[in-house]
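So the structure is just underneath, and the comments pick up after that.
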Amino acid sequence: MNIRKGNPEDMKAVLGLIQELAIFEKEPEAVVITEADLVRDGFGEKPLFHVFVAELEKEIVGIALYYYRYSTWKGKTIHLEDLIVKEKMRGTGLGSALYAEIMKQGKRDNVRRVEWNVLDWNTPAVKFYENSGAKILQGWQVVQMDEAGINSFLEKL
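FYI, in the numbering used here the residues of the sequence shown are 33 to 189.
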């Protein structure tokens, strides 16, 4: 297995893994981005994200997609948007290797925090993160405004 930084040519496989995750999370219709969006947004003059890919026999079998955030309490942080491992590769240590790569990136970048979300029903992921020493914050809820909500809100102004 080889873990490396992703490149534009990898985005078709990255999109496939994102779609696989959406199916796992019971939202197969939620993915609206395209391969072209990923290439534009990840490899332009000011990339909006970075990605590590895990390859096995020239097939991309996992990714860890992240971007930088800024905390008013901590300064520069990394947000791990998605850590995805193909179903056939789960339980092989691939996820642990990608997770470790994100933590190494955080250390290289001198960030004070790496953060991400996990679904409460994804018990294997919750246990993995807890066993790694991560804290799952209680009392915090994820808040989002989708495109329709943004438009509705602005129409009311």
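Ideal Cβ positions, reconstructed from N, Cα and C, are used throughout, including at glycine.
The residues PHE160, in chain order, have a CB closer than 8 Å to that of SER128 in the same chain once the five nearest residues on each side in sequence are set aside. Within the same chain, and ignoring the five residues on either side of LEU97 in sequence, the residues whose Cβ sits closer than 6 Å to its Cβ are PHE81, VAL83, GLU113 and ASP114. The alpha-carbon separation between PRO156 and ARG122 amounts to approximately 11 Å. Beta-bridge partners of SER103 (DSSP): GLY107. LEU189 sits in coil when the DSSP states are folded into three classes, being neither helix nor strand. Per DSSP, GLU162 is not a residue of any beta strand (DSSP E); the alpha helix (DSSP H) it occupies stretches across 155-164. Counting only runs of 3 or more residues that sit fully inside the region 59-125, the beta strand (DSSP E) segments are 82-88, 91-103 and 107-117, in chain order.
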